[in-house]
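Per the numbering used here, the sequence shown starts with residue -14, numbered consecutively. Glycine included, C-beta positions come from ideal geometry on N, C-alpha and C. Since the structure is predicted, the reported quantities are computational estimates derived from the model, not experimental observations.
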Amino acid sequence: MPHRPVVILTHPMPEDWIAPLREAVQLVVGPAGVAGVAADLRPHFGEVEGLLTWLIDRVDEHLLAEMPRLKVVSNLAVGVDNIDLEACSRRGIAVGHTPGVLTEAVADLTFALLLAVGRGLFTAAEDARAGRWGLWQPDAWLGTELNGSTLGILGLGQIGQAVARRAHAFGMRVLYTSRSPKPEAEARWGAQRVPWETLLAESDFLSLHVPLTPATQGMVDAEALRRMKPTAYLVNMARGPVVQTEALVRALQEGWIAGAALDVTDPEPLPPEHPLYRLSNCLITPHIGSATHLTRRRMADLAISNLLAGLRGEPLPHQANA
Ligand code: DGY
């Protein structure tokens, strides 16, 4: 009988998504509703060879030390800020992630949020539902249109570029700040690379698409927010800690900027009593950038392919560490 390695899936997923994994390995599934690799799974740590993690699970030196046979960590996300990549590399553990398959879904939601926050859709819809829709009025519920506005994109990776493509089609001027120039985006969508300070000062909409790293953590702080136009909107599709939450609350309360739409927050989830929920110029969605039927299924397929390749000792289709 072929060797069936022990694999921990940290939380339950739809059975039809994980069927190929169940066939190939001895699958141990962790509990729902608790972030992290549950302590209940500890009896399996000595044997486990593969870990399939969610972005809510921290994989650090401490955990790795308890898993001497671990060969591969496969993260069901493109972002890998929840995983200590260096610690994995030191131990020869491959780390997989899911770029590419979620690009279009995340870019779509970025545009949904740009439109929603720019046109005040959420407050207008709430007003209508609450009976505050009186006679039509020419100066009520006025917003900002995308056509002719400047979109600033922080991070022009695959998702940032898919956002730039949409922005071009919407008639927006596209600026970006990125570690390296992107000549193709410049040629195809007229994107113009500018310093961070210029991006802040000139954007009508600022959209964040950088990974969370020590360099990007807290990048949108009070100083950055004060540099933005008072009519500008911030959209965060990256990771919550890229924005300093307390500074953002002040910026929205005191009118340093016009509004924000956040698909990611710090902390996450944002507790129901958080002041951001009380601000009518802040729209919050629960980290749903990649949440379409098609994309989440593709992410699961890719995460399983990464995991199985790692168990076989082969290069992963998408590996995040060297
Ligand atoms: C990711 O993949 O990193 C997203 O944040 C969730 O899809």
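Residue i and residue j look like a contact to me (Cβ under 8 angstroms); what is the Cβ gap, rounded to whole Å?
| i | j | result |
| --- | --- | --- |
| valine 80 | valine 65 | 6 angstroms |
| threonine 162 | leucine 184 | 5 angstroms |
| leucine 55 | glutamate 34 | 6 angstroms |
| alanine 217 | valine 102 | Wrong, their Cβ atoms sit about 10 angstroms apart, outside the cutoff. |
| threonine 38 | leucine 61 | 7 angstroms |
| valine -9 | histidine 29 | 6 angstroms |
| valine 44 | asparagine 67 | 7 angstroms |
| glycine 295 | serine 59 | 7 angstroms |
Straight-line CA distance for residue i to residue j?
| i | j | result |
| --- | --- | --- |
| phenylalanine 190 | alanine 110 | 22 angstroms |
| serine 134 | glutamine 177 | 14 angstroms |
| leucine 219 | alanine 9 | 45 angstroms |
| glutamate 239 | leucine 233 | 10 angstroms |
| glycine 85 | isoleucine 144 | 8 angstroms |
| aspartate 42 | threonine -5 | 8 angstroms |
| valine 205 | leucine 193 | 9 angstroms |
| arginine 173 | leucine 98 | 24 angstroms |
| isoleucine 242 | proline 252 | 21 angstroms |
| serine 265 | arginine 235 | 13 angstroms |
| alanine 24 | alanine 152 | 45 angstroms |
| proline 16 | proline -3 | 7 angstroms |
| glutamate 89 | leucine 268 | 21 angstroms |
| threonine 230 | leucine 293 | 39 angstroms |
| glutamate 46 | arginine 263 | 39 angstroms |
| serine 165 | leucine 36 | 33 angstroms |
| leucine 120 | proline -1 | 48 angstroms |
| proline 260 | glycine 21 | 26 angstroms |
| alanine 305 | arginine -11 | 25 angstroms |
| proline 168 | leucine 197 | 24 angstroms |
| proline -13 | arginine 27 | 25 angstroms |
| leucine 141 | proline 53 | 38 angstroms |
| leucine 100 | leucine 237 | 18 angstroms |
| aspartate 1 | leucine 40 | 21 angstroms |
| glutamate 182 | glycine 244 | 19 angstroms |
| alanine 311 | proline 199 | One cannot answer for residue 311 here, as it falls past the ends of the chain, which runs -14 to 307. |
With hydrogens ignored, establish whether the beta-carbon of residue i is closer than 6 angstroms to any heavy atom of the ligand DGY.
| i | result |
| --- | --- |
| valine 63 | yes |
| serine 275 | yes |
Tell me which same chain residues have a C-beta within less than 6 angstroms of the C-beta of residue i, skipping the five on either side of it?
| i | result |
| --- | --- |
| glycine 18 | none |
| glutamine 202 | Pro226 |
| alanine 223 | Leu193, His194 and Val195 |
| methionine 157 | Leu131, Ser134 and Leu136 |
| alanine 209 | Leu185 |
| threonine 301 | The amino acid at residue 301 is misidentified as threonine; the sequence shows leucine. Correct list, in chain order: Ala79, Gly81, Asn291, Ala294 and Gly295. |
| glutamate 32 | Val(-9) |
Grab me the residues of residue i's own chain with a C-beta within less than 8 angstroms of its C-beta, minus the 5 sequence neighbours each way, in chain order.
| i | result |
| --- | --- |
| isoleucine 273 | Leu94 and Asp248 |
| proline 180 | Thr162 |
| isoleucine 3 | Leu(-6), Leu12, Ala285 and Ile289 |
| leucine 49 | Leu55, Asp69, Ala72, Cys73, Arg76 and Ile78 |
| glutamate 171 | Gln177 and Arg178 |
| serine 188 | Thr135, Leu136, Gly137, Leu160, Met213, Lys214 and Ala217 |
| threonine 270 | Leu94, Leu98, Ala246, Leu247 and Asp248 |
| alanine 207 | Gln229, Ala232, Arg235 and Ala236 |
| alanine 113 | none |
Using a Cβ-Cβ cutoff of less than 7 angstroms, which residues in the same chain neighbour residue i once the five nearest sequence positions on both sides are dropped?
| i | result |
| --- | --- |
| histidine 303 | Gly81, His82, Thr83, Pro84, Leu287 and Asn291 |
| arginine 283 | Val86 |
| phenylalanine 96 | Arg151 |
| serine 275 | Leu87, Ala90, Val91, Arg281 and Met284 |
| glutamate 258 | none |
| arginine 104 | Gly128 |
| threonine 277 | Ala90 |
| alanine 307 | Ser74 |
Strictly under 7 angstroms for the Cβ-Cβ distance: is residue i near chain B by that measure?
| i | result |
| --- | --- |
| tryptophan 174 | In summary, chain B is missing from the structure at hand, where a single protein chain is found. |
Nearer than 6 angstroms: is that true of the beta carbon of residue i relative to any heavy atom of the ligand ZN?
| i | result |
| --- | --- |
| glutamine 202 | This structure lacks the ligand ZN; its bound ligands are the ligand DGY. |
Worksheet entry | At least 3 beta-carbon pairs within less than 8 angstroms: the stretch 110 to 128 vs the stretch 144 to 152 | Verdict: no, contact absent.
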